[in-house]
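Input: a single structure, listed below in structure tokens.
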Amino acid sequence: MRFEPTSRVPRPGNDCRRGAPSDARSDGFAGGCISLIVLLIEIPVAFLLGLTSVLRGWGRGDEQVVAPAMDWVPILWLGGFTLAVLVVAVIFLYMAHPFAGAVQLLVAAIALVFTIAAWHGQYERAHPPEPPTRAGMPHTPSNHVTDR
5 MRFEPTSRVP RPGNDCRRGA PSDARSDGFA GGCISLIVLL IEIPVAFLLG
55 LTSVLRGWGR GDEQVVAPAM DWVPILWLGG FTLAVLVVAV IFLYMAHPFA
105 GAVQLLVAAI ALVFTIAAWH GQYERAHPPE PPTRAGMPHT PSNHVTDR
């Protein structure tokens, strides 16, 4: 009995070449279409979040003497939107859609910048700078006897 390796081992043909795309990967066109569809959903959602945040603070007057507390609602809304976009990006990357995942990561980064800006704006509103004092002295009630 003679062993012939060529008879038992199939030679790589057109079906077994290394450069052939696997079924798990998708082409760039499918990733671009998916990315466009998701962006068309995310843009109105982000617009509505921004609009509700602006309208929420519209009726507030600046006549308050005491600094208002931080309003966490816009920060949490934008943070939730950022987290949702990040989850969608991870799902796209896991499903082998690198272009759509990269676009979603870019959208998540932009949403994170807006979330941090909203937090900073609320922090500045809740913690206003102290008023300037005379000659660098701490603010003390005026004493008419010593002011002369």
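Numbered according to the working numbering, the sequence shown terminates at residue 152, and the numbering increases by one at each position without gaps. Even glycine gets a Cβ: it sits at the ideal position worked out from N, Cα and C.
Residue i, buried or exposed, once every other Cβ within 10 Å from all chains shown has been counted against 16
| i | result |
| --- | --- |
| LEU82 | buried |
| GLY84 | exposed |
| ALA28 | Because the pLDDT of ALA28 is 48, which lies under 50, any placement of that residue in the model is unreliable, and the number read from its coordinates should be weighed accordingly. That one is exposed. |
| VAL117 | exposed |
| VAL92 | buried |
Pick from the options that is closest to residue i, judged by C-alpha positions
| i | options | result |
| --- | --- | --- |
| ILE38 | ALA121, PRO135, MET99 | MET99 |
| ARG157 | HIS131, PRO135, GLN126, PRO136 | What the structure shows of the chain is the stretch from 5 to 152, and residue 157 is not part of that stretch, so it cannot be assessed. |
| THR56 | LEU43, LEU44, PRO78 | PRO78 |
| ILE41 | ILE114, TRP76, GLN108, GLY54 | GLN108 |
| THR86 | ILE95, LEU43, ALA112, PHE96 | ALA112 |
| GLY54 | PRO72, ALA121, VAL92 | ALA121 |
| GLY32 | GLY105, TRP76, GLU128, VAL91 | GLY105 |
| VAL58 | LEU43, LEU44, ASP75 | ASP75 |
| LEU80 | THR119, PRO132, HIS124 | THR119 |
Anticipated Cβ contact below 8 Å, residue i with residue j, distance rounded
| i | j | result |
| --- | --- | --- |
| VAL89 | GLU46 | 6 Å |
| GLY35 | PRO102 | 7 Å |
| ALA73 | ALA130 | 6 Å |
Residue interval of the alpha helix (DSSP H) (run including residue i)
| i | result |
| --- | --- |
| ALA124 | Correcting the residue identity first, residue 124 is His in this sequence and not Ala. Looking at the DSSP string, the run of the alpha helix (DSSP H) that includes HIS124 is 102-130. |
| ALA93 | 77-98 |
| GLU46 | 32-60 |
Proximity test, residue i beta-carbon vs the ligand COA heavy atom, cut-off 7 Å
| i | result |
| --- | --- |
| GLY83 | In the structure on display, the ligand COA does not appear, and there are no ligands present to speak of. |
Any chain D beta carbon closer than 8 Å to residue i
| i | result |
| --- | --- |
| TRP76 | Of the protein chains in the structure, only one exists, and it is not chain D. |
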